[in-house]
Amino acid sequence: MQNQPYITKTDRESSVVPASGIRSWPEGERPREKFLDRGAEALTDAELIAIILNAGSGSLSALDIARSMLARYNNLRSLSRRPIAELRGLRGIGTAKAVALLAAFELGRRQLAVPDDMADPIASPEDVAHRYIPKLRDLQHERFMVLLLNNAGRIVRECVISEGIVNASIVHPREVFRPAVTELASSVILLHNHPSGVREASREDHMITRQLVQAGRMIDIPVHDHIIICGGGYISFAENGWLEAG
4 MQNQPYITKT DRESSVVPAS GIRSWPEGER PREKFLDRGA EALTDAELIA
54 IILNAGSGSL SALDIARSML ARYNNLRSLS RRPIAELRGL RGIGTAKAVA
104 LLAAFELGRR QLAVPDDMAD PIASPEDVAH RYIPKLRDLQ HERFMVLLLN
154 NAGRIVRECV ISEGIVNASI VHPREVFRPA VTELASSVIL LHNHPSGVRE
204 ASREDHMITR QLVQAGRMID IPVHDHIIIC GGGYISFAEN GWLEAG
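Mapping of the sequence shown onto my numbering: position 26 corresponds to residue 29, and the numbering continues sequentially without gaps.
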């Protein structure tokens with residue numbers, strides 16, 4: 004589909020390390036010292052997690068806990084999607100460690116969403132998808148957002164309109180266009196995610212879009228697109244010619 008403009012490392016340790024606390028290990032095998040000596044890229048997933056956890060619990064070292072979590076959830080992405088209530092219930096993980104770990108994953112998502120040049124205008128659906136897939140693809144609930152654009156096509160603000168089930172009764176034109184009017188936006192892009200990853204626009208998605216496109220026309224703030232993030236892919240109403248259906 005052509006874009007239409009609309010102006011690990013895995014945890015593979017080769018050496019056997021003692022089961023006692025990390026501080027008793029040879030200095031070259033301690034995650035923090037290894038990080039300083041060889042750089043972050045030299046550490047395994049488990050070693051990086053151990054640094055975030057900072058300390059062990061009881062007879063378990065931070066690395067023991069990290070390895071146990073990776074064995075349980077298979078990979079980092081699966082681990083990053085666990086709710087805090089589930090993580091802090093694991094052996095050796097309390098509230099503080101769970102919060103630190105999820106905060107690190109969220110920072111990673113946000114870093115991926117930052118474009119190489121923040122001043123670059125949004126010129127195609129792919130530009131939006133590139134920025135927001137990392138932020139939205141792993142959410143376990145629906146999030147509906149509106150991106151406010153200036154007359155140069157640059158995003159001046161992003162606003163979360165609703166969290167949870169996206170439906171027409173919650174995504175009301177008043178809530179969508181209030182920040183657009185306040186910020187003197189020239190146009191907007193609608194954006195939400197499908198936690199299921201299903202790459203198909205629902206009847207409700209079409210109804211919401213039609214309602215908001217019509218409202219935007221009335222106040223002269225056009226809706227350039229409605230983009231749905233579906234896992235690692237996306238659907239663009241503009242690309243599919245669905246905006247004009249309103």
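Note that the Cβ used here is the ideal one computed from N, Cα and C, for glycine as well. These numbers come from a predicted model, not from an experiment.
**OP:** Provide the residue(s) that pair with Asn-196 in DSSP beta bridges, ordered along the chain.
**Re:** Ile-232
Subject >> Simplified DSSP assignment, three categories, for Leu-105 >> reply: helix
Subject >> Residue environment, Leu-115, which counts as buried when at least 16 other CB atoms sit within 10 Å >> reply: exposed
Original post:
Hey, how far is the Cα of Asn-57 from the Cα of Leu-63?
Top reply: 12 Å
Original post:
If we count Cβ pairs, one from each stretch, closer than 8 Å, do we get three or more for the segment 205-222 versus the segment 92-103?
Top reply: no
Original post:
Which runs of the alpha helix (DSSP H) fall wholly inside the segment 119-186 and span at least 4 residues, in chain order?
Top reply: 128-139, 176-185
Original post:
In whole angstroms, what is the alpha-carbon distance linking Arg-157 and Pro-124?
Top reply: 4 Å
Original post:
Residues in its own chain within less than 7 Å of Arg-91 by CB, not counting five upstream and five downstream?
Top reply: Gly-97, Thr-98, Ala-101
**OP:** Identify, in the order they occur along the chain, each residue of the same chain with its Cβ nearer than 6 Å to the Cβ of Asn-154, setting aside the five sequence neighbours on each side.
**Re:** Ser-189
Original post:
Do you know offhand how far Glu-145's Cα is from Asp-40's?
Top reply: 43 Å
Original post:
Run through DSSP, which three-state label would Leu-93 get?
Top reply: coil
Original post:
Would you call Thr-185 buried or exposed, if buried means 16 or more other Cβ atoms sit within 10 Å of its Cβ?
Top reply: exposed
**OP:** With distances taken Cα to Cα, identify the nearest neighbour of Asp-196 among Ala-107, Gly-167, Gln-217.
**Re:** Looking at the sequence itself, residue 196 is Asn, so the reference to Asp does not match. If we check each option's Cα against that of Asn-196, Gly-167 comes out closest.
**OP:** Give the straight-line distance between the Cα atoms of Ala-65 and Leu-82, rounded to the nearest whole angstrom.
**Re:** 16 Å
Original post:
What does DSSP give as the partner residues of Leu-79 in its beta bridges?
Top reply: BP columns for Leu-79 are empty, so no partner.
**OP:** For the alpha helix (DSSP H) holding Val-201, just list the boundary residues, first then last.
**Re:** From DSSP, Val-201 is part of no alpha helix (DSSP H); its letter is neither H nor E.
Original post:
Name the DSSP beta bridge partners of Ile-238, please?
Top reply: Ile-231
**OP:** Measuring alpha carbon to alpha carbon, tell me which of Arg-80, Met-72, Asp-48, Leu-151 ends up nearest Leu-142.
**Re:** Arg-80
Original post:
For Gly-244, which three-state DSSP category applies?
Top reply: coil
Subject >> Three-state class that DSSP yields for Ser-71 in the structure shown >> reply: helix
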